[in-house]
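Student:
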Amino acid sequence: MADENLERDAKSNFLGMLRELQDMAGFRTTEELYRATRAAAPTGSDTVGRSAFFANYGGQPAQFPDWNRFCRPFVVACLEQARTSDSPARANGLTDLGSVAVWRGLHHRAERGEIVDLPFTMPSPPDKAPAPSAKARAARAQRARTRSEILSDVGMVETLRALYPRHCMVELWGQTMPICAYPAAATTELEAVLGRLHGAALPHWTEYDEEFDPHEGREAFDRYVAKYGAMTEAERRAFFSGPTYALHELDLGGATGPRLDCKLGRYFTSLATSEDLDDELMNALADDPGRPVTLERLKRRRWLHDHVADPVVDGRHHSAAVSHATVVMLRAGDGTYDVLLPHRSEHVATHSHFNHIAPSGIFAPQTEEPFPPATEFSVKRNFYREWVEELYAADEHERPRFVGPPDPEGEPEVLRLKAMLGAQAQLYYTGVSVNLLTLRPEICLLLVIDDMEWLRREMRERRPFRFGWEYAQTPQTIRHRATGQPDHWSLRLDANLRPANGLRLNPSYLVPNAAAAIDLAVGALAGRS
1270 MADENLERDA KSNFLGMLRE LQDMAGFRTT EELYRATRAA APTGSDTVGR SAFFANYGGQ
1330 PAQFPDWNRF CRPFVVACLE QARTSDSPAR ANGLTDLGSV AVWRGLHHRA ERGEIVDLPF
1390 TMPSPPDKAP APSAKARAAR AQRARTRSEI LSDVGMVETL RALYPRHCMV ELWGQTMPIC
1450 AYPAAATTEL EAVLGRLHGA ALPHWTEYDE EFDPHEGREA FDRYVAKYGA MTEAERRAFF
1510 SGPTYALHEL DLGGATGPRL DCKLGRYFTS LATSEDLDDE LMNALADDPG RPVTLERLKR
1570 RRWLHDHVAD PVVDGRHHSA AVSHATVVML RAGDGTYDVL LPHRSEHVAT HSHFNHIAPS
1630 GIFAPQTEEP FPPATEFSVK RNFYREWVEE LYAADEHERP RFVGPPDPEG EPEVLRLKAM
1690 LGAQAQLYYT GVSVNLLTLR PEICLLLVID DMEWLRREMR ERRPFRFGWE YAQTPQTIRH
1750 RATGQPDHWS LRLDANLRPA NGLRLNPSYL VPNAAAAIDL AVGALAGRS
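FYI, the numbering used here numbers position 57 of the sequence shown as 1326, with every residue one higher than the one before it.
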């Protein structure tokens, strides 16, 4: 079985390399690429291999593509296209993407089950957006301070307790957090959280569902669409209406833990109908953070409460993008652990400067196809994608640049992790949280790495361990710090699974989703031992 897995992973890795070659060639559509490979094929050659491959393009082909019938014409077409003046390869100064002979050798080794590397180095992606001015940095830091003050006062907690009496907020080491969490019986079967996927068609990014708030919600949605239209291409890399799996219903009565029924949605719709509930509440509390506010002062939230009995578990009348977050605990010796807990960068749309666990992200299909493949509705696949994107700065996994998203399960970083699972590492599903500020659910995972040399080894790899753009890269890039905030990237837990230095994590600098995931992870790890 081990040999079969290695052969499958090697072939998947090679297919991912073909897509990276295609990216540098600059083919924009599958049809354009298909025509080019057909033109590059020898006269009279069998095209069944290419047809079968393109029929499954974006997924995993049923069979590993043959060299002569598919891979050779594919490579010839890409190398030829890469020489054109407007190709990404030329734009990035790449003159050598490997020869046909080099690629033939890589294909041969992959067939034998060997993991191979690209014969060229992929260029770094462009900046997410122009560097903010000193004035913009100061304004964002001030917003972070204001948010910290509101979150740390009693008005927020009292408001949420009155609005959602059925849902107890997380108490993390004595601190109340504006989020509720529902534990699962910790299991390595990550898909146990998933119920049904309602509907198969992905809405267009400009489409707004008539079941959602037709007044302020629709106006907010139109503003996001207009904002996107006015942005530069660089700015759009950090702000686009990507596909999401959104909450349909959260079942809290399962025997093994909470289960999520989902529907297909879009990020802008989630912003307009869920994330904006957070802003509305913050604005209502800004003048007097110590005094709770009633639902009458929260017009957007009141509309939602009027249409469903419990919007924490019922997602029919808003688009609550489901997210997923993994608490990574690195064994540090003597029963202690380091938790990855970096600062979010100043470039992110929400919670800039706050600490968050990594990897984390939107639970989403990585495709713009109207009918996303069923393989994308997978917690494990989404985890692997965020793993390589956020911990190795592999931005190509955030948003596919051209046709055919890269396969995260073929990346060397993921293959190394998969080889550790079950022996030197364990990956668990621990439960579901719901952020009461946004009414968005999150799937919570725990990765325990017992190999104390793991991080040092990963630092020396060809693509080393390095946080992606969403996190501050060094202590010097952290623009705002709150009193008592954890260090740059990690939190040390003692043998009792409490902060080793007596630190009290609080909502003035900790993303609520991180608090819930840590709370569930500590409970699961305590149960494991």
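A virtual CB, placed ideally from N, CA and C, is assigned to each residue, including glycine.
Quick one: what does DSSP say PRO1512 is sitting in, helix, strand or coil?
Tutor: The answer is strand: DSSP assigns PRO1512 an E or B state.
Student: Can at least three beta-carbon pairs, one atom from the region 1759-1767 and one from the region 1412-1431, be found at a separation below 8 Å?
Tutor: Output reads no: the region 1412-1431 does not touch the region 1759-1767.
Student: Which class does ALA1455 belong to by DSSP, given the choice of helix, strand or coil?
Tutor: Three-state result, ALA1455: strand.
Student: Counting only the same chain and skipping the five closest in sequence on each side, list residues whose C-beta sits under 8 Å from that of CYS1437.
Tutor: Same-chain partners within the cutoff: CYS1449.
Student: By the 10 Å Cβ neighbour count, where 16 or more other Cβ atoms means buried, how is THR1353 classified, buried or exposed?
Tutor: Flag for THR1353 reads exposed.
Student: For the region 1555-1612, which segments carrying the alpha helix (DSSP H) assignment without a break, of at least 4 residues, lie completely within its bounds, in sequence order?
Tutor: Within the region 1555-1612, the complete alpha helix (DSSP H) runs of at least 4 residues are 1568-1576.
Student: Out of curiosity, what's the CA-to-CA distance linking ASP1292 and ALA1590?
Tutor: Roughly 29 Å separates the two Cα atoms.
Student: Pairing CB atoms from the region 1525-1535 with CB atoms from the region 1685-1692, are three or more of them under 8 Å?
Tutor: Counting Cβ pairs under 8 Å, fewer than three are found: no touch.
Student: By the three-class DSSP mapping on this structure, what secondary structure does HIS1467 have?
Tutor: Strand.
Student: Can you grab the Cα-Cα spacing for the pair SER1314 / ARG1338, in whole Å?
Tutor: Confidence at SER1314 is low in this model, with a pLDDT of 48, below 50, so the placement of that residue should be treated as unreliable; the coordinate-derived value is given next. If you take the alpha carbons of SER1314 and ARG1338, they lie about 7 Å apart.
Student: Return the first residue and the last residue of the beta strand (DSSP E) that ALA1265 is part of.
Tutor: Nothing can be reported for residue 1265: it is not among the residues displayed for the chain, which extend from 1270 to 1798.
Student: Tell me the residue span of the alpha helix (DSSP H) that contains GLU1349.
Tutor: 1341-1351 is the span of the alpha helix (DSSP H), which, as asked, contains GLU1349.
Student: Please report the distance separating the alpha-carbon of CYS1713 from that of ALA1346.
Tutor: Those two C-alpha atoms are separated by around 43 Å.
Student: Is it the case that the Cβ atoms of VAL1582 and LEU1521 are separated by a distance below 8 Å?
Tutor: Cβ distance < 8 Å, so VAL1582 and LEU1521 count as in contact.
Student: How many angstroms separate the CA atom of GLU1485 from the CA atom of PHE1640?
Tutor: Between GLU1485 and PHE1640, the C-alpha separation is close to 30 Å.
Student: Decide if LEU1564 is buried, meaning its Cβ has at least 16 other Cβ atoms within 10 Å, or exposed.
Tutor: Exposed, by the Cβ-count rule.
Student: Output needed for GLY1318: all residues of its chain with C-beta closer than 7 Å, excluding positions within five of it in sequence on either side, in chain order.
Tutor: Its pLDDT being 46, under 50, GLY1318 is placed unreliably in this model, and the value from its coordinates should be taken loosely. So the qualifying residues of the chain are PRO1334, ASP1335, ARG1338 and PHE1339.
Student: With distances taken between CB atoms, is the gap from ARG1535 to PRO1512 smaller than 8 Å?
Tutor: A contact, by the Cβ cut-off of 8 Å.
Student: Taking DSSP's pairing of strands, which residues face GLY1630 in a bridge?
Tutor: Answer by DSSP bridge pairing, in chain order: HIS1593.
Student: Would you mind sorting VAL1701 into buried or exposed? The rule is 16 or more other CB atoms within 10 Å of its CB.
Tutor: Answer is buried; the Cβ neighbour count reaches 16.
Student: Determine whether the beta carbon atoms of VAL1462 and TYR1698 lie at a separation below 8 Å.
Tutor: Against a cut-off of 8 Å, the Cβ pair of TYR1698 and VAL1462 comes out as a contact.
Student: How many angstroms separate the CA atom of GLU1518 from the CA atom of ARG1304?
Tutor: Their Cα atoms are separated by approximately 44 Å.
Student: How far does the beta strand (DSSP E) with GLY1534 in it extend, from its first residue to its last?
Tutor: It spans 1528-1535 - the beta strand (DSSP E) in which GLY1534 sits, taken as one unbroken run.
Student: Take every Cβ of the region 1465-1479, pair it with every Cβ of the region 1535-1544, and state whether three or more of those distances are shorter than 8 Å.
Tutor: Judged by Cβ distances under 8 Å, the region 1465-1479 makes contact with the region 1535-1544, as three or more pairs qualify.
Student: Have a look at LEU1366, ALA1413, HIS1376 and TRP1372 and flag the residue whose alpha-carbon is nearest the alpha-carbon of PRO1392.
Tutor: When only C-alpha atoms are compared, the closest one is LEU1366.
Student: Note down, in chain order, each residue of its chain lying with its Cβ closer than 8 Å to the Cβ of ALA1795, except the 5 sequence neighbours on either side.
Tutor: Excluding sequence neighbours, ALA1795 sits near LEU1766.
Student: CA-CA distance, ARG1492 and ASP1579?
Tutor: Going by the C-alpha atoms only, they are around 28 Å apart.
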